[in-house]
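Numbered per my numbering, the sequence shown finishes at 156, counting up by one with no gaps.
By construction, the Cβ of each residue, glycine as well, lies at the ideal position given by its N, Cα and C atoms.
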Amino acid sequence: MRIFLDLDGTIVDFVKGVCPLFGVSYDEVMAKWTPGEYDMTKILGITEAEFFGVIDGAGEDLWANLPMYDYGMDVYHFCKDIAPTYILTRPTQHSSSVSGKLKLMQKQFGSNFKDYVLTWRKELCAAPDAVLIDDHVVNCTKFRDNGGSAIVW
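Here it is, written out as C-alpha coordinates:
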(Lines of atoms letter the chains of each structure in order from A; the text may use other names.)
(Lines give C-alpha, C1' and ligand atoms only; values in the text may rest on other atoms or scores of the structure.)
Protein backbone atom coordinates (compact mmCIF):
# COMPACT_ATOMS: atom_id res chain seq x y z
CA MET A 4 0.00 0.00 0.00
CA ARG A 5 1.02 3.63 -0.60
CA ILE A 6 -0.59 6.69 0.97
CA PHE A 7 -0.83 10.02 -0.81
CA LEU A 8 -1.48 12.83 1.65
CA ASP A 9 -2.73 16.20 0.45
CA LEU A 10 -1.03 19.31 1.80
CA ASP A 11 -3.30 22.39 1.65
CA GLY A 12 -6.49 21.97 3.67
CA THR A 13 -5.44 18.57 5.00
CA ILE A 14 -2.30 19.09 7.06
CA VAL A 15 -1.54 22.74 6.21
CA ASP A 16 -4.01 25.57 6.89
CA PHE A 17 -4.10 27.44 3.57
CA VAL A 18 -7.10 29.54 4.61
CA LYS A 19 -5.44 30.84 7.78
CA GLY A 20 -2.30 31.61 5.80
CA VAL A 21 -4.01 33.72 3.15
CA CYS A 22 -6.63 35.58 5.19
CA PRO A 23 -4.24 38.44 6.09
CA LEU A 24 -3.58 39.04 2.38
CA PHE A 25 -7.25 39.91 1.93
CA GLY A 26 -7.68 41.91 5.13
CA VAL A 27 -10.11 39.44 6.66
CA SER A 28 -9.89 37.42 9.84
CA TYR A 29 -9.79 33.65 9.85
CA ASP A 30 -12.85 33.55 12.12
CA GLU A 31 -14.78 35.81 9.74
CA VAL A 32 -14.02 33.54 6.77
CA MET A 33 -14.79 30.34 8.67
CA ALA A 34 -18.13 31.75 9.86
CA LYS A 35 -19.14 32.08 6.18
CA TRP A 36 -17.65 28.76 5.10
CA THR A 37 -20.08 26.16 3.80
CA PRO A 38 -19.00 22.55 4.40
CA GLY A 39 -17.92 21.00 1.12
CA GLU A 40 -17.16 24.41 -0.42
CA TYR A 41 -13.62 24.99 -1.60
CA ASP A 42 -13.90 28.33 -3.36
CA MET A 43 -12.69 31.19 -1.16
CA THR A 44 -13.51 33.66 -3.93
CA LYS A 45 -17.22 33.28 -3.17
CA ILE A 46 -16.65 34.06 0.50
CA LEU A 47 -14.41 37.02 -0.31
CA GLY A 48 -16.67 38.29 -3.10
CA ILE A 49 -13.88 38.49 -5.69
CA THR A 50 -13.05 36.80 -8.98
CA GLU A 51 -10.65 33.90 -9.32
CA ALA A 52 -8.27 36.17 -11.27
CA GLU A 53 -8.29 38.71 -8.42
CA PHE A 54 -7.77 35.97 -5.84
CA PHE A 55 -4.81 34.38 -7.60
CA GLY A 56 -3.39 37.78 -8.49
CA VAL A 57 -3.04 38.47 -4.77
CA ILE A 58 -1.82 34.93 -4.00
CA ASP A 59 0.76 35.00 -6.80
CA GLY A 60 1.83 38.51 -5.81
CA ALA A 61 2.59 37.27 -2.29
CA GLY A 62 5.21 34.98 -3.80
CA GLU A 63 7.12 32.03 -2.51
CA ASP A 64 7.11 33.18 1.13
CA LEU A 65 3.34 32.72 1.36
CA TRP A 66 3.59 29.03 0.47
CA ALA A 67 6.78 28.42 2.45
CA ASN A 68 5.23 29.80 5.64
CA LEU A 69 1.72 28.38 5.60
CA PRO A 70 0.86 27.16 9.11
CA MET A 71 0.57 23.47 9.82
CA TYR A 72 -2.63 22.39 11.52
CA ASP A 73 -1.92 21.40 15.12
CA TYR A 74 -2.52 17.79 14.12
CA GLY A 75 -0.70 18.00 10.76
CA MET A 76 2.55 16.28 11.72
CA ASP A 77 0.67 13.67 13.76
CA VAL A 78 -1.39 12.73 10.69
CA TYR A 79 1.72 12.54 8.53
CA HIS A 80 3.57 10.32 11.04
CA PHE A 81 0.48 8.15 11.60
CA CYS A 82 0.29 7.53 7.85
CA LYS A 83 4.04 6.82 7.62
CA ASP A 84 3.67 4.21 10.36
CA ILE A 85 1.09 2.41 8.22
CA ALA A 86 2.67 2.58 4.76
CA PRO A 87 5.05 4.58 2.56
CA THR A 88 3.56 8.09 2.51
CA TYR A 89 3.94 10.81 -0.09
CA ILE A 90 2.75 14.40 -0.07
CA LEU A 91 0.54 14.89 -3.13
CA THR A 92 -0.17 18.56 -3.70
CA ARG A 93 -1.45 20.78 -6.47
CA PRO A 94 0.51 23.97 -7.11
CA THR A 95 -1.01 27.06 -8.68
CA GLN A 96 0.06 28.13 -12.17
CA HIS A 97 2.67 30.47 -10.66
CA SER A 98 6.22 29.19 -10.11
CA SER A 99 6.32 30.68 -6.60
CA SER A 100 3.77 28.06 -5.54
CA VAL A 101 6.05 25.20 -6.56
CA SER A 102 9.18 26.62 -4.94
CA GLY A 103 7.29 27.74 -1.82
CA LYS A 104 5.63 24.37 -1.32
CA LEU A 105 9.00 22.67 -1.67
CA LYS A 106 10.49 25.00 0.96
CA LEU A 107 7.55 24.31 3.28
CA MET A 108 7.97 20.54 2.93
CA GLN A 109 11.72 20.76 3.52
CA LYS A 110 11.13 22.92 6.59
CA GLN A 111 8.51 20.55 8.02
CA PHE A 112 9.88 17.16 6.95
CA GLY A 113 13.62 17.82 6.67
CA SER A 114 15.98 19.36 4.14
CA ASN A 115 16.42 16.06 2.28
CA PHE A 116 12.67 15.37 1.97
CA LYS A 117 11.89 13.90 -1.44
CA ASP A 118 8.62 12.03 -0.92
CA TYR A 119 6.34 14.41 -2.77
CA VAL A 120 4.45 14.78 -6.03
CA LEU A 121 3.32 18.15 -7.37
CA THR A 122 0.60 17.85 -10.01
CA TRP A 123 -2.78 19.15 -11.10
CA ARG A 124 -3.76 15.55 -11.90
CA LYS A 125 -3.75 13.66 -8.60
CA GLU A 126 -5.64 10.80 -10.20
CA LEU A 127 -2.45 9.89 -12.13
CA CYS A 128 -1.15 8.44 -8.84
CA ALA A 129 -4.20 6.21 -8.42
CA ALA A 130 -3.65 2.45 -8.32
CA PRO A 131 -5.27 -0.50 -6.53
CA ASP A 132 -2.68 -0.22 -3.75
CA ALA A 133 -2.89 3.59 -3.43
CA VAL A 134 -4.93 5.66 -0.96
CA LEU A 135 -5.45 9.41 -1.26
CA ILE A 136 -6.30 11.50 1.81
CA ASP A 137 -7.57 14.86 0.57
CA ASP A 138 -9.99 17.58 1.65
CA HIS A 139 -11.42 18.04 -1.84
CA VAL A 140 -14.25 15.66 -2.81
CA VAL A 141 -13.54 16.03 -6.55
CA ASN A 142 -9.92 14.90 -6.10
CA CYS A 143 -11.08 11.86 -4.14
CA THR A 144 -13.74 10.97 -6.72
CA LYS A 145 -11.26 11.16 -9.61
CA PHE A 146 -8.74 9.11 -7.64
CA ARG A 147 -11.34 6.38 -7.02
CA ASP A 148 -12.52 6.51 -10.65
CA ASN A 149 -8.94 5.77 -11.69
CA GLY A 150 -8.53 2.69 -9.52
CA GLY A 151 -7.38 4.04 -6.17
CA SER A 152 -9.03 4.39 -2.78
CA ALA A 153 -9.64 7.78 -1.19
CA ILE A 154 -10.63 9.30 2.11
CA VAL A 155 -12.23 12.74 2.16
CA TRP A 156 -10.58 14.67 4.99
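Item                                                                                                            : Value
Euclidean distance between Cα positions of Y89 and V21                                                          : 24 Å
Neighbourhood of Q109 by C-beta, 7 Å cutoff - its chain only, sequence neighbours within 5 removed              : F116
In chain order, each alpha helix (DSSP H) run of at least 4 residues that lies wholly inside the region 112-144 : none
C-beta contact flag for L8 and C82 at 8 Å                                                                       : yes
The region 133-146 touching the region 96-106, judged by at least three CB pairs closer than 8 Å                : no
Alpha-carbon to alpha-carbon, I46 and H139                                                                      : 17 Å
Anticipated Cβ contact below 8 Å, V15 with L69, distance rounded                                                : 5 Å
Neighbour-count burial assignment, E126, 16 or more Cβ in a 10 Å radius                                         : buried
Terminal residues of the alpha helix (DSSP H) in which V57 lies                                                 : E51 to A61
CA-to-CA distance, V101 to W123, given in whole angstroms                                                       : 12 Å
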